[in-house]
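Engineer: Quick one: the structure is below, and I'll ask about it shortly.
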Amino acid sequence: MFKPTLTRASRQVLLAAAVWFSLSGAAFAAVDVNTADEAALVSLKGIGPATASTIVSERSRGGPFKDAADLADRVKGLGQKSVVRLQEAGMTIGAGGAAAPKATVAAAPAKKDAKTEKPPAKAVR
């Protein structure tokens, strides 16, 4: 009967895929803003040392963040859009590592760009 075997090339491809998946998973690890230290917060794209320090000190002063809107309100330099981007980058809010629903952050109204907006047409008499 036919006995399936993996060739050497197949094993190398499988090994490379396994290594890639294991390393890419570390890049998307969740960071809970209520328990993370400054080093863990800095690992998120969009948070530098100053913002990480501000988050940790505000959390120490006012207690854990309740949701995304609370984080945006209490941390100077983080707006609602920034919090949404940080959640997409792997930041979570609250114990258990569950991401806060994005609906808790109200969408900012779109700004009109004066350069692209056309003036109203003149009436023809």
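With our numbering, letter number 70 in the sequence shown gets 66, and the count goes up by one each step, no holes. A virtual CB, placed ideally from N, CA and C, is assigned to each residue, including glycine.
(1) So, with DSSP's three-state summary, where would you put threonine 47?
(2) Assign aspartate 28 to one of three DSSP states: helix, strand, or coil.
(3) What's the C-alpha gap between glutamine 83 and arginine 55?
(4) Please classify aspartate 33 as buried or exposed, where buried requires at least 16 neighbouring CB atoms within 10 angstroms.
(5) Below 8 Å between beta carbons: does that hold for alanine 68 and leucine 74?
(6) Per the DSSP calculation, threonine 88 is bridged to which residue(s)?
(7) Enumerate in chain order the residues of its own chain whose CB-to-CB distance from glycine 58 is below 7 Å, with the five nearest sequence positions on each side excluded.
(8) Whole angstroms are fine: how far does the CA of lysine 72 sit from the CA of threonine 50?
(9) Taking just the CA atoms, how far does alanine 46 sit from serine 78?
Structural biologist: To lay it out plainly:
(1) helix
(2) strand
(3) 17 Å
(4) exposed
(5) yes
(6) Asp28
(7) Arg70
(8) 8 Å
(9) 15 Å
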